[in-house]
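**Q** From first to last, the protein sequence lines are chains A and B. In case it helps, the numbering used here puts the first sequence at residues 13 to 320. In case it helps, the numbering used here puts the second sequence at residues 11 to 263.
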Amino acid sequence: MSEVEKLSQDYHDYLDEDGMIHADPRLMLGEANKPDEITKGDIMKVWFRWWWCNEVPHTFDRMIAPSLCFGLMPVLKKLYKNPVFLGEAYQRHLQFFNTQAVWGGGIISGITVSLEEERAKALNAGEPALDASMIQNTKIGLMGPLAGVGDSIDSGTVQYICISLFLGLCQEGNPLGAVMPFVCFATATFIYGYLFTRMGYTMGRRAALEVMKGGRIKSIIDALGVLGLFMMGCMAASYVKLSTPIEADLSGRPFVLQETLDGILPGLLPLIAVMALFFFFQKKGMKVTQAMLGFTVILIVLAVVGIL
Amino acid sequence: MTIVQALLIALFVAAIESRALGYATLTMRFSPLMAGFWVGLILGDMHQAMVVTATIQLIYMGVVAPGGAMPSEPAVASAIAVSVAILGDLDPEAAVAIAVPVGLMGSYLYQLRFFLNTIAVNKMDQCAVKADSRGLVFWIAVMPTIFAFALFVPTITIALYLGAPVISDVMNAISNGPVLHALDVVSGGLAALGIAITMHVIGSRKLLVFFFLAYFLVVLTTRAGLSITMITWAIFGVIIAFCYNMFTTKAEA
Chain A
13 MSEVEKLSQD YHDYLDEDGM IHADPRLMLG EANKPDEITK GDIMKVWFRW
63 WWCNEVPHTF DRMIAPSLCF GLMPVLKKLY KNPVFLGEAY QRHLQFFNTQ
113 AVWGGGIISG ITVSLEEERA KALNAGEPAL DASMIQNTKI GLMGPLAGVG
163 DSIDSGTVQY ICISLFLGLC QEGNPLGAVM PFVCFATATF IYGYLFTRMG
213 YTMGRRAALE VMKGGRIKSI IDALGVLGLF MMGCMAASYV KLSTPIEADL
263 SGRPFVLQET LDGILPGLLP LIAVMALFFF FQKKGMKVTQ AMLGFTVILI
313 VLAVVGIL
Chain B
11 MTIVQALLIA LFVAAIESRA LGYATLTMRF SPLMAGFWVG LILGDMHQAM
61 VVTATIQLIY MGVVAPGGAM PSEPAVASAI AVSVAILGDL DPEAAVAIAV
111 PVGLMGSYLY QLRFFLNTIA VNKMDQCAVK ADSRGLVFWI AVMPTIFAFA
161 LFVPTITIAL YLGAPVISDV MNAISNGPVL HALDVVSGGL AALGIAITMH
211 VIGSRKLLVF FFLAYFLVVL TTRAGLSITM ITWAIFGVII AFCYNMFTTK
261 AEA
């Protein structure tokens, strides 16, 4: 019996303290684990599934990550025939992810498919493979900026062009005035979203090859981590909204606590919330449900007693 | 309006709010057009429905200023407003005003959906680790849709059948208490959770300074009244990541 055959096929043996799988790369060796070729049809499947499921499983803690996972599923099944590796890939794409559906989702899902493909092929061939954290950091670095582009173009512009074109019909009482904007917007975004997915796939392949050739993976992972953390800082500042309504009247002089806090350090409360959660995860591992329940209870209590 | 008509309209609104019709629901949710079309179809007065819907669309586009609060969740609000306008022969502005509390309720139901989906996320994690693809499909696509229908179908049916004022009374009763305030605080704060998780996943405490850099840059520029887009920040992010890469690789060599 060779050493590879002695490896455990049970995912329990590869779990870390966060409950995440870190499978032994040797599990991917062998003819049985050879990844299938990714076809144009697969790319269409990924795009369609992501498009269809886009905001269905929306939550506060993962945002629309499950939709991306749902989109990638057919490809992941073709690439990772080994169930431990498939489980690892599913887990990877259930982590927090949020972007705009067409510009962000199209490009990022295309790139992700190509990176996963390179990773699976290299693992199967027993060569040094793209690190899983690199795939994660690529997604995290791209999701914010592309969402910015997509929201302003699709929701802000394309949608209103479609509506304006047919509003006259609507005012005359013609139902086409309501149906046509919907049909036009849905068709247009579906088509260019698909093209973005294709484009992301081609770009990702080229980038992945470039990276592997250069052998500078470690520094690129770090650079992507820098970009990812930088974007998280931007998102924390824009999306976390916490302030205190505490006010008092100090012998005729109004005292507004939030103004005092802003005078000391603007944006203090949201930062405390993010950092407290971050250190909770660093200390206790990724106990997401526990953190969410606890945090929600704290917020409700503080809101009810009037501190927030 | 018959109970069947109310139910049919509610089912359509629930389908939009569950987002189970894909990204196509974007125009359906944020514009009153398709909800108005559906109401016209169900109530059998397409002409009137379209005329009213067009006016509501103009209100939403800011062309016609209604002078009051804009109802959130346009699809929910316009399903009510168009029905009320057709059946009660009201002018569209008055109908929209009636729909405000129902729209507000719709936006809270939409957030409630996020909490219910968390139950599904737990199940997804359990399926993912076992590489159980069937289970994953069920918990990602099927259950959240069912949750959304369970939230929206009864409430919208009641609002349509018993009349929007019923919802208005309920919302007034709640909004004087702490419930809605607590909901606002929770939804404003919970965004921190996903961000903290991502930071933990990236996992490098050494690089945390870049988080602080971006955080305070954005807070300060926002307070200074500058509107700098995410794309601009991303360009800075890329430049900084590039510099970091350049300096660190040089040091190693």
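By construction, the Cβ of each residue, glycine as well, lies at the ideal position given by its N, Cα and C atoms. Keep in mind it's a predicted model, so treat the numbers as computed, not measured.
Taking 8 Å as the cut-off, decide whether the C-beta atoms of Leu-110 (chain A) and Met-155 (chain A) are in contact.
**A** Strictly speaking, residue 110 (chain A) in this sequence is Asn, with Leu absent from that position. Yes, these two residues count as a Cβ contact at 8 Å.
**Q** So which of A:Ala-101, A:Gln-171, A:Phe-202 has the shortest CA-CA distance to Pro-325 (chain A)?
**A** The structure shown has nothing for residue 325 (chain A), since chain A only spans 13 to 320.
**Q** Output needed for Arg-29 (chain B): all residues of its chain with C-beta closer than 7 Å, excluding positions within five of it in sequence on either side, in chain order.
**A** Closer than 7 Å at the Cβ level, and outside the excluded window around Arg-29 (chain B), lie Thr-35.
**Q** So that I know if they touch, is there some Cβ in chain B lying closer than 8 Å to that of Val-252 (chain A)?
**A** Interface residue, yes.
**Q** Is the stretch 175 to 182 of chain B close to the stretch 135 to 153 of chain B, with three or more CB pairs under 8 Å?
**A** Contact fails: fewer than three Cβ-Cβ distances are below 8 Å.
**Q** Determine, using beta carbons only, whether Trp-59 (chain A) comes closer than 8 Å to chain B.
**A** Chain B contact via Cβ: absent.
**Q** So the beta strand (DSSP E) Leu-146 (chain B) belongs to, where does it begin and stop?
**A** Counting along the chain, Leu-146 (chain B) falls outside any beta strand (DSSP E), though it belongs to the alpha helix (DSSP H) covering 143 to 147.
**Q** In its own chain, which residues sit with a C-beta less than 7 Å from the C-beta of Leu-218 (chain B), not counting the 5 before and 5 after it?
**A** Taken in chain order, the list of residues that qualify is empty.
**Q** Between the beta-carbon of Ala-85 (chain B) and the beta-carbon of Ala-45 (chain B), is there less than 8 Å?
**A** Closer than 8 Å, so yes.
**Q** Is it right to say Ala-310 (chain B) is buried, meaning 16 or more other beta carbons lie within 10 angstroms of its own, or is it exposed?
**A** One cannot answer for residue 310 (chain B) here, as it falls past the ends of chain B, which runs 11 to 263.
**Q** Compare the C-beta of Ala-75 (chain B) with all C-beta atoms of chain A and state if any pair is closer than 8 Å.
**A** With a pLDDT of 47 at Ala-75 (chain B), under the threshold of 50, the predicted position of this residue should be treated as unreliable, though the coordinate-derived value follows. No, its Cβ sits nowhere closer than 8 Å to a Cβ of chain A.
**Q** Determine which residues of the stretch 253 to 284 of chain A have a Cβ less than 8 Å from any Cβ of chain B, and write them out in chain order.
**A** Residues passing the 8 Å Cβ filter: Lys-253, Leu-254, Asp-274, Pro-278, Gly-279, Pro-282, Leu-283.
**Q** For Ala-38 (chain A), report the span of its alpha helix (DSSP H) as first-last.
**A** The question names Ala, but residue 38 (chain A) in the sequence shown is Arg. Element bounds for Arg-38 (chain A): n/a, residue is neither H nor E.
**Q** For Asp-261 (chain A), name the three-state secondary structure that DSSP assigns.
**A** Of the three classes helix, strand and coil, the one that applies to Asp-261 (chain A) here is strand, per DSSP.
**Q** According to DSSP, is Ile-33 (chain A) part of a helix, a strand, or is it coil?
**A** Of the three classes helix, strand and coil, the one that applies to Ile-33 (chain A) here is strand, per DSSP.
**Q** So what does Thr-71 (chain A) bridge to, in DSSP terms?
**A** Paired residues: A:Met-75.
**Q** For Pro-76 (chain B), count the other beta carbons within 10 Å of its own beta carbon; 16 or more makes it buried, fewer makes it exposed. Which is it?
**A** Reliability fails at Pro-76 (chain B), whose pLDDT of 44 lies under 50, so the model's placement of it is uncertain and no value is given.
**Q** Rounding to the nearest angstrom, what Cα-Cα distance links Val-316 (chain A) and Gly-297 (chain A) in this structure?
**A** One C-alpha to the other measures close to 30 Å.
**Q** Within 8 Å (strictly less), CB to CB, does Asn-46 (chain B) reach chain A?
**A** The question names Asn, but residue 46 (chain B) in the sequence shown is Gly. Yes, because at least one Cβ of chain A sits closer than 8 Å to the Cβ of Gly-46 (chain B).
**Q** Tell me whether Met-56 (chain A) is buried or exposed, calling it buried when 16 or more other Cβ atoms sit within 10 Å of its Cβ.
**A** So Met-56 (chain A) counts as exposed.
**Q** What residues in its chain sit with their C-beta under 7 Å from that of Asp-55 (chain B), if we drop five residues either side in the sequence?
**A** Around Asp-55 (chain B): Ile-96.
**Q** Using alpha carbons as the reference points, say which of A:Ser-126, A:Gln-112, A:Leu-39, A:Gly-42 lies closest to Gly-212 (chain A).
**A** Here the closest residue by C-alpha is A:Ser-126.
**Q** Determine, using beta carbons only, whether Lys-46 (chain A) comes closer than 8 Å to chain B.
**A** Chain B, which has no Cβ nearer than 8 Å to the Cβ of Lys-46 (chain A), makes this no.
**Q** If we count the other Cβ atoms within 10 Å of its Cβ and call it buried at 16 or more, is Thr-201 (chain A) buried or exposed?
**A** Thr-201 (chain A) should be labelled buried.
**Q** Within a Cβ cutoff of 7 Å, which residues of the same chain sit near Val-23 (chain B), ignoring the five residues on either side of it in sequence?
**A** Only Ala-45, Ala-85, Val-86, Ala-89, Phe-162, Ile-166 meet the Cβ criterion.
**Q** At a threshold of 7 Å, does Ser-41 (chain B) count as lining the ligand PLP (C-beta to nearest heavy atom)?
**A** You won't find the ligand PLP in this model; it holds no ligand whatsoever.
**Q** If the cut-off is 9 Å on Cβ atoms, which residues from the stretch 137 to 151 of chain B count as contacting chain A, listed in chain order?
**A** Under the 9 Å Cβ criterion, the stretch 137 to 151 of chain B contributes Cys-137, Ala-138, Val-139, Lys-140, Ala-141, Asp-142, Ser-143, Leu-146, Val-147, Trp-149, Ile-150, Ala-151.
**Q** Buried or exposed: where does Ala-44 (chain A) fall if 16 or more other Cβ atoms within 10 Å of its Cβ makes it buried?
**A** Flag for Ala-44 (chain A) reads exposed.
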